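Numbering (the numbering used here), first residue to last: 118 to 419.
Ideal placement from N, C-alpha and C gives every residue a C-beta, glycine not left out.
From a predicted model like this one, the values you see are computed outputs, not experimental measurements.
Okay, here's the thing in structure tokens:
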């Protein structure tokens, strides 16, 4: 009787173990399935435009985006690409020093309750919706830029870059702080034993040892910059323009899709052009992630 009960328990445990394994496998493979599904959907919607109306030279070299023109519809995306890149570049100039500085302070200087409080506050910043950040850029940063720099309008590359940098900073700080905490304590103890100051220990030991995670944090921030929509739409001025200064208004790729897709006839050239922009963004994001993987692998093997 006892042997039978023991066998039943073993069989039940084996069944539960197999069920958990299947669920974990489905959970892991679902991400790949979803990504492939999104890529297939975007590509399918863009193919008709690509094969019938797409002009590579016009798309990548022209700044005239006029898909609704009845006489001469054009689909030049150069200004949209440059606008996206300029906003992302300013955002990284804001986010990288702030994120790395905050991560170093939380990891190496803050202690006890102050460390936990700062970590919670940083994570709460990441929970603020993008539309709220957009309102901040539209109402607060807009006025500050006008007053401080004496420009006619504050909805520009600088505004969108500041907002996007503040949006990207929390997740970058969290990842960078985790990377710094993953550095073994024996590295710090060895540096201190050799007479290094706290800053020398951080600069010459901790930061080089954590460079894998730091690079990943920066590249994740770049990907966030390319993919953000609502805040950039509200803070950039949404004007088709090749920026020559941080005070020029621009239009981003994501903002163009968000602003125009809802009013576009399904199956039209305009509809296909917007999905082509989405496909281009998808490929850019993929290349950023691939670059992150290659860089991290290269650093790990060096």
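Delimiting residues of the alpha helix (DSSP H) encompassing residue 244: The continuous stretches of alpha helix (DSSP H) do not include residue 244, and DSSP gives it neither H nor E.
For residue 122, the three-state DSSP class (helix, strand or coil): Only weak support is given to the placement of residue 122: the predicted model assigns it a pLDDT of 49, under 50, and the value that follows is read from those uncertain coordinates. The three-state secondary structure of residue 122, taken from DSSP, is helix.
Whole-angstrom distance between residue 409 and residue 312, CA atom to CA atom: Rounded to whole angstroms, the separation of the alpha carbons of residue 409 and residue 312 is 35 angstroms.
The alpha helix (DSSP H) enclosing residue 306, as first and last residue numbers: From DSSP, the alpha helix (DSSP H) with residue 306 extends over 302–310.
Inter-stretch contact at 8 angstroms, needing at least 3 Cβ pairs: the stretch 282–301 / the stretch 237–255: A contact exists between the stretch 282–301 and the stretch 237–255.
C-alpha gap between residue 252 and residue 301, whole angstroms: C-alpha separation (whole angstroms): 42 angstroms.
Cβ shell of residue 263 (< 8 angstroms), same chain only, five flanking positions each side left out: Scanning its chain for C-beta atoms nearer than 8 angstroms, with the 5 sequence neighbours on each side dropped, one finds around residue 263 the residues 269, 270, 271, in chain order.
Span separating the alpha-carbon of residue 129 from that of residue 233: Looking at the two C-alpha atoms, the distance is approximately 42 angstroms.
Element boundaries [alpha helix (DSSP H), containing residue 263]: From DSSP, the alpha helix (DSSP H) with residue 263 extends over 259–266.
Under the three-state DSSP convention, the category residue 160 falls into: Three-state DSSP puts residue 160 in a helix.
Straight-line Cα distance separating residue 345 from residue 377: Each residue's Cα considered, the two are about 16 angstroms apart.
Span separating the alpha-carbon of residue 280 from that of residue 390: Spanning the two alpha carbons is a distance of roughly 28 angstroms.
Under 9 angstroms between C-beta atoms of residue 198 and residue 282: Judged by their CB atoms, residue 198 and residue 282 are not nearer to each other than the 9 angstroms cut-off.
Any C-beta of chain B under 9 angstroms from that of residue 399: In the structure shown, chain B cannot be found, because there is only a single protein chain.
Beta-carbon gap between residue 370 and residue 191 smaller than 9 angstroms: No, they are not a contact pair.
Assigned exposure category for residue 131 - 16 Cβ within 10 Å defines buried: With fewer than 16 Cβ atoms within 10 Å of its Cβ, residue 131 is classed as exposed.
Residue range of the alpha helix (DSSP H) that includes residue 350: Residues 347–352.
Assigned exposure category for residue 142 - 16 Cβ within 10 Å defines buried: Looking at its Cβ environment, which holds fewer than 16 other Cβ atoms inside 10 Å, residue 142 is exposed.
Strand pairing of residue 190, partner residues [DSSP]: According to the DSSP secondary-structure assignment, residue 190 is paired through a beta bridge with no residue.
8 angstroms CB neighbourhood of residue 373 in its chain, flanking five on each side removed: For residue 373, where only same-chain residues beyond five positions count, the Cβ hits under 8 angstroms are 182, 197, 391, 394.
For residue 315, the first and last residue of its enclosing alpha helix (DSSP H): Membership of residue 315 in the alpha helix (DSSP H) is indicated by the continuous run 315–318.
Endpoints, alpha helix (DSSP H) assigned at residue 343: Residue range 328–344 is occupied by the alpha helix (DSSP H) that includes residue 343.
Cβ neighbours of residue 397 in the same chain (closer than 6 angstroms, five flanking residues each side left out): Around residue 397: no qualifying Cβ.
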